[in-house]
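Our numbering numbers the first residue of the sequence shown as 21 and each following residue consecutively. We put the CB at the ideal spot given by N, CA and C, even for glycine. These numbers come from a predicted model, not from an experiment. Notes for the one structure printed next.
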Amino acid sequence: MADVGSSIGERIKAARKRLGISQNELAARAGIEHRQSVSQIETGSREVKATELSRLSRALHVSIAELLDAHEPGEPRVCWREQPAAGGEEHEARLLSFCRAYHSARKALEESEPRRLPEPDLNPATTQYRDVDKLALEVAGLLKLGARPASSLADTLENQYHFLIWFASLQSGGSAACTRGEHGDAILINADEPPWRRNFDLAHELFHLLTWNTSWGDDRQKKVEPLANRFAAGLLLPADELKAALDERCRGGEVDYADLISIARDFGVSTEALLWRMHNLSWIKCEDVDSALADDKLRRLDRVARRGEWQDPPPLPDRYVRTVFFAYAKGLMSRARLAECLETSLEDLDDQLARFGIEDGDYHQRIACAG
């Protein structure tokens with residue numbers, strides 16, 4: 021029994037270390053009165069109670085099963101575009117926890133394997149912007165994103181390719197992260213950013229997932245980030261559609277600030293991203309972009325025009341919530357496990373479900389079907 025307690029304690033300690041939190045912090049999060057109790061649990065000198073195990077699993081963002089199971093597969097890699105000053109490890113742990121739960125629920129529901137986007141044939145030594153422009157055009161066509169890709173990108177990735185897209189508040193900075201593994205593809209976006217920035221970050225992270233297995237070398241950050249930005253701009257601002265929108269508003273070879281902002285809103289991007297995309301297409305000079313972005317008139321008009329666009333995303337991915345709930349509703353997941361997946365306690369589960377517009381009940385019914 022001591023060996024079992026010791027192994028559980030070791031896994032609790034390993035999970036705590038991954039989060040970068042102290043025994044004091046873990047005790048406070050898990051509602052354990054003394055730090056010494058956490059220390060004793062980790063060394064195996066004190067048996068962990070069932071209620072404590074439940075609270076510890078929530079505090080550490082791992083399932084109870086993972087704390088009890090001696091099998092410890094290697095953690096998938098999470099790649100950040102810009103890691104937050106604090107709390108990055110905890111967001112990684114939560115993201116991977118969601119990934120595992122989502123993958124497990126989909127498997128229990130016997131859903132088909134997610135479609136995988138083809139990996140582009142890019143040579144790290146020779147890849148140029150024109151190669152990335154071509155890739156953006158190909159991906160937009162493959163995903164059938166239509167004339168305004170930002171409005172359909174997230175939905176397409178979630179529903180056709182089973183991406184897990186999570187918008188989380190990264191209060192100490194940071195922009196976005198992504199991961200790929202046996203659990204599938206997942207993207208973390210900073211919910212504190214404005215919607216048009218979130219759209220761009222999503223497209224940016226998609227490039228990183230498409231090129232996940234490409235060996236960029238030691239100067240990866242310096243080489244890849246500009247390519248990812250170029251891809252995002254090309255994906256969200258297709259040249260033909262953008263030209264048509266500009267032609268409607270261009271008068272005498274010039275376009276008003278108000279029209280620029282209107283076009284940016286229409287395509288779901290920032291005015292800055294629009295201007296740089298126009299420059300990349302050789303439609304506007306670099307100095308004109310710099311001049312416009314430095315103009316206080318443009319900035320003030322932009323703030324006024326976009327004031328009503330801000331919408332807070334849900335705290336957990338909607339498709340994730342629905343998937344784990346369907347697994348529970350079909351009797352494939354316990355109520356306790358559902359509470360774990362939704363980061364709440366059994367006592368507060370109904371309230372958490374209500375936040376997502378879900379009411380618990382006896383849904384496990386079947387009807388006959390032909391075929």
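Residue i, DSSP secondary structure in three states
{"i": "Leu-230", "result": "helix"}
{"i": "Ala-278", "result": "helix"}
{"i": "Ala-106", "result": "coil"}
{"i": "Thr-71", "result": "helix"}
{"i": "Thr-291", "result": "helix"}
{"i": "Arg-271", "result": "strand"}
{"i": "Ala-264", "result": "helix"}
{"i": "Lys-33", "result": "helix"}
{"i": "Trp-296", "result": "helix"}
{"i": "His-81", "result": "coil"}
{"i": "Glu-62", "result": "helix"}
{"i": "Asp-332", "result": "coil"}
{"i": "Glu-139", "result": "coil"}
{"i": "Ala-374", "result": "helix"}
{"i": "Ile-283", "result": "helix"}
{"i": "Arg-168", "result": "coil"}
{"i": "Ser-124", "result": "helix"}
{"i": "Pro-214", "result": "coil"}
{"i": "Ala-245", "result": "Note that residue 245 is Glu in the sequence shown, not Ala. Residue state, collapsed to three classes: helix."}
{"i": "Ala-145", "result": "coil"}
{"i": "Ile-28", "result": "helix"}
{"i": "His-54", "result": "coil"}
{"i": "Gln-191", "result": "coil"}
{"i": "Glu-112", "result": "helix"}
{"i": "Ser-117", "result": "helix"}
{"i": "Leu-301", "result": "coil"}
{"i": "Asp-1", "result": "Residue 1 cannot be examined here, being either before or after the span of the chain that is shown, 21 to 391."}
{"i": "Ser-132", "result": "coil"}
{"i": "Met-21", "result": "With a pLDDT of 39 at Met-21, under the threshold of 50, the modelled position of this residue cannot be trusted, and the question is left open."}
{"i": "Thr-364", "result": "coil"}
{"i": "Glu-379", "result": "coil"}
{"i": "Arg-326", "result": "coil"}
{"i": "Gly-315", "result": "Just to set this straight, residue 315 is Asp in the shown sequence, not Gly. Of the three classes helix, strand and coil, the one that applies to Asp-315 here is coil, per DSSP."}
Residues bridged to residue i [DSSP beta-bridge criterion]
{"i": "Ile-185", "result": "Ile-207"}
{"i": "Thr-199", "result": "Val-98 and Ala-206"}
Distance CB(residue i)-CB(residue j) smaller than 9 Å
{"i": "Leu-157", "j": "Gly-254", "result": "yes"}
{"i": "Leu-262", "j": "Ile-283", "result": "yes"}
{"i": "Arg-38", "j": "Glu-86", "result": "no"}
{"i": "His-203", "j": "Arg-120", "result": "yes"}
{"i": "Ala-339", "j": "Glu-225", "result": "Here the sequence assigns Arg to residue 339, which means Ala is not the residue at that position. Taking 9 Å as the Cβ cut-off, Arg-339 and Glu-225 do not qualify as a contacting pair."}
{"i": "Leu-266", "j": "Trp-296", "result": "no"}
{"i": "Leu-352", "j": "Leu-362", "result": "no"}
{"i": "Ser-83", "j": "Glu-367", "result": "no"}
{"i": "Leu-162", "j": "Cys-198", "result": "no"}
{"i": "Val-289", "j": "Met-298", "result": "no"}
{"i": "Asn-210", "j": "Arg-218", "result": "yes"}
{"i": "Lys-33", "j": "Glu-62", "result": "yes"}
{"i": "Ala-206", "j": "Phe-287", "result": "no"}
{"i": "Ser-74", "j": "Ala-356", "result": "yes"}
{"i": "Ala-252", "j": "Ala-293", "result": "yes"}
{"i": "Leu-80", "j": "Ala-106", "result": "no"}
{"i": "Gln-241", "j": "Asp-212", "result": "no"}
{"i": "Leu-76", "j": "Ile-52", "result": "yes"}
{"i": "Ala-325", "j": "Ala-248", "result": "no"}
{"i": "Val-244", "j": "Trp-232", "result": "no"}
{"i": "Leu-420", "j": "Leu-208", "result": "There is no way to answer for residue 420, as the model of the chain reaches only from 21 to 391."}
{"i": "Arg-250", "j": "Asn-300", "result": "yes"}
{"i": "Val-341", "j": "Pro-334", "result": "yes"}
{"i": "Lys-305", "j": "Leu-129", "result": "no"}
Residue i burial status per 10 Å Cβ neighbour count (16 or more: buried)
{"i": "Pro-169", "result": "buried"}
{"i": "Pro-246", "result": "exposed"}
{"i": "Pro-214", "result": "exposed"}
{"i": "Trp-216", "result": "buried"}
{"i": "Gln-103", "result": "buried"}
{"i": "Asp-322", "result": "buried"}
{"i": "Glu-307", "result": "exposed"}
{"i": "Tyr-149", "result": "exposed"}
{"i": "Pro-337", "result": "buried"}
{"i": "Leu-155", "result": "buried"}
{"i": "Pro-258", "result": "buried"}
{"i": "Asp-316", "result": "exposed"}
{"i": "Thr-146", "result": "exposed"}
{"i": "Asp-221", "result": "buried"}
{"i": "Ser-124", "result": "buried"}
{"i": "Trp-186", "result": "buried"}
{"i": "Ser-132", "result": "exposed"}
{"i": "Leu-313", "result": "exposed"}
Heavy atom of the ligand PLP within 8 Å of residue i beta-carbon
{"i": "Thr-231", "result": "As far as ligands go, the structure on display features none, and thus does not contain the ligand PLP."}
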